Each structure stands twice: as C-alpha cells, then as structure tokens.
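Numbering (UniProt numbering), first residue to last: 1 to 228.
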Amino acid sequence: MIEMQDIWKTYPNGTHALKGVSVKIDRNEFVYLVGPSGAGKSTFMKLIYREEVPTKGQISVNGFNIGKLKARKIPYVRRNIGVVFQDFRLLPKLSAYENVAFALEVIEAPKKVIKKRTMEVLELVGLKNKANRDPSQLSGGEQQRVAIARAIVNNPSVIVADEPTGNLDPETSWGIMQLLDEINFRGTTIVMATHNRDIVNTMRKRVIAIEHGNIVRDQQRGEYGYEF
Ligand code: ADP
Ligand code: ADP
1 MIEMQDIWKT YPNGTHALKG VSVKIDRNEF VYLVGPSGAG KSTFMKLIYR EEVPTKGQIS
61 VNGFNIGKLK ARKIPYVRRN IGVVFQDFRL LPKLSAYENV AFALEVIEAP KKVIKKRTME
121 VLELVGLKNK ANRDPSQLSG GEQQRVAIAR AIVNNPSVIV ADEPTGNLDP ETSWGIMQLL
181 DEINFRGTTI VMATHNRDIV NTMRKRVIAI EHGNIVRDQQ RGEYGYEF
C-alpha cells in the first residue's frame, strides 16, 4: 500500500536527504523507522503524507502516485493519512473535543456525525470525560492521546508518527504505544520514527534503519540496534 521506488530527495539548499530508497510497506504493517538524527526519517515520512515531493523516483500510497498528484486530489489523499508529532501540535485555544472535531468540520461532515465520531474516538483514546479541557489542562500523555484521536478521526488507512513518545516519560510512552498497537490491530498501517530502544526491543515489529539517506537494514520483528 506504500511503495517507494528509487526515491531521491534533495532539498533546495542542496542537502541530499534520501538517496535511492526503495521499499514496500503492506496494508496493516507496523513499522519502526530508526537511525541517527539527520538520517532522513522525517523526510521519509513527509513524502508519505505529501508534505514533500520526491526529487526523483516514484512513491505510491493506496495506489495513488502521490509525487505526481493533481492539486485538487491532494486533500483527498491527505485525509487518508493521519499524522502524529512529537510536540502534539494541538490548537491551544480549542478544547480536546474541538481539536478532534475540527478535522471533520473541514470536510463538512454533518454536525450529528461529527459529534458521534468525535466522542467515539475520544473514548477510544480514554479521554471522553476530558473532552472539554483545553490542551493546557491536560498532561503531555493526554495531549498526545488527543493528537492521536485527531489523526484517526477520519479513519485513515495509514498513521505516520514522528517520535510520538519523544516528549513523554517512560510510563506515559508505554500507554501511547498500547494505543497505537490497538489502532494497528484494528486495521491501520503505522509508520513510526523513534529513538526509543526499550519500546523497539520490547514491542517487536518490523524495523527499517535509515542512515545517510539510505535504508541500511530492514528486519521483521527487528531490534533497535543502536547504543543511543
Ligand atoms: P531525521 O528525521 O532522520 O532526523 P530528516 O529527514 O529531518 O532526518 O533530515 C535529513 C537531512 O535533510 C538532514 O541533513 C537535514 O538537515 C536535511 N533537511 C531536512 N529538512 C530540510 C529542509 N527543509 N531543507 C534543507 N535541509 C533539510
Ligand atoms: P503526567 O503524569 O502525565 O505528567 P500531570 O501530573 O500533568 O500528568 O496531570 C495529572 C492529571 O491532572 C491529568 O489527568 C491532567 O488531566 C490533570 N491536570 C494537569 N494539569 C491540569 C490543569 N491545569 N487543569 C486541570 N487538570 C489538569
């Protein structure tokens, strides 16, 4: 469902972030992306959610050649991909409910549908009873749960998560991982960049290691494999 064929990404300043990456990620896989800072992990993920386009090579997501997508089709493809960041990126002036509902309002879903679906995902992430709180009234782990609820509310086929536990303490991180595992179990493909060796070595999944813009390792039920 995600396929990259000889993907190169060179930024305008001349940095070669990816140098000939080819990979296939099947429907319903859970993939950890590991590797040093600056290796190209974020770029790899930005290509999937079409924040960036490749300089060379082909990338398809759910059969759409997303490097060559017509502008009017971009919102449709993006809606099918949920994104989660290390720093949550919630809208600070909106409640947890409003942060999640917003993703449905932009696609002009009926109000009744918005309410039902928003409460459904807030319940799934364990925050139904905190729906009215602003992000500043939630712990870091709770804010990340809201961000995950927002990412899944449109029922995407893929979740891309860039160090989703990077700002959280170990215990809170495990709760977030259980949630992502549950979402994966329910049928969503997950691609997650991480520096958390405990998580990678305990919750075994496919591991793709990227160094200097190339895939240097790709193992099923792999391990973290770095000392940092
Ligand atoms: P990682 O996520 O593994 O830390 P990135 O994909 O963020 O790696 O970065 C890969 C390389 O591309 C790094 O050298 C980084 O400095 C560079 N880079 C990332 N984004 C940009 C950008 N917008 N413009 C120029 N260089 C960038
Ligand atoms: P964590 O252990 O994840 O850092 P906190 O100690 O920050 O959690 O928060 C513990 C509980 O208190 C959470 O349920 C959170 O929702 C609640 N809480 C934290 N800050 C506020 C606040 N400013 N207003 C209301 N509730 C809060």
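Ideal placement from N, C-alpha and C gives every residue a C-beta, glycine not left out. Only a predicted model underlies this, so the values are computations on that prediction, with no experimental measurement involved.
Starting from residue i and walking both ways along the alpha helix (DSSP H), at which residues does that stretch end?
i, result
"residue 154", "From DSSP, residue 154 is part of no alpha helix (DSSP H); its letter is neither H nor E."
"residue 102", "96–105"
"residue 78", "74–79"
"residue 118", "111–124"
At a threshold of 7 Å, does residue i count as lining ligand 1 (C-beta to nearest heavy atom)?
i, result
"residue 15", "yes"
"residue 41", "yes"
"residue 38", "yes"
"residue 193", "yes"
"residue 11", "yes"
"residue 35", "yes"
Does DSSP put residue i in a helix, in a strand, or in coil?
i, result
"residue 180", "helix"
"residue 18", "strand"
"residue 226", "coil"
"residue 10", "strand"
"residue 189", "strand"
If you follow the beta strand (DSSP E) that residue i is in, where does it begin and where does it stop?
i, result
"residue 211", "206–211"
"residue 49", "Looking at the DSSP string, residue 49 is not in any beta strand (DSSP E), and its letter there is neither H nor E."
"residue 198", "Taken as a continuous stretch (DSSP letters only), residue 198 belongs to no beta strand (DSSP E), being part of the alpha helix (DSSP H) at 197–202."
"residue 39", "Note, residue 39: premise wrong, no beta strand (DSSP E); not H, not E."
"residue 56", "56–61"
Around the C-beta of residue i, are 16 or more other C-beta atoms found within 10 angstroms, so that it is buried, or is it exposed?
i, result
"residue 49", "buried"
"residue 220", "exposed"
"residue 91", "exposed"
Taking the CB atoms as reference points, tell me whether residue i and residue j lie closer together than 8 Å.
i, j, result
"residue 189", "residue 1", "yes"
Return yes when at least one heavy atom of ligand 3 lies under 7 Å from the C-beta of residue i, else no.
i, result
"residue 47", "This structure simply doesn't include ligand 3; it includes ligand 1 and ligand 2 instead."
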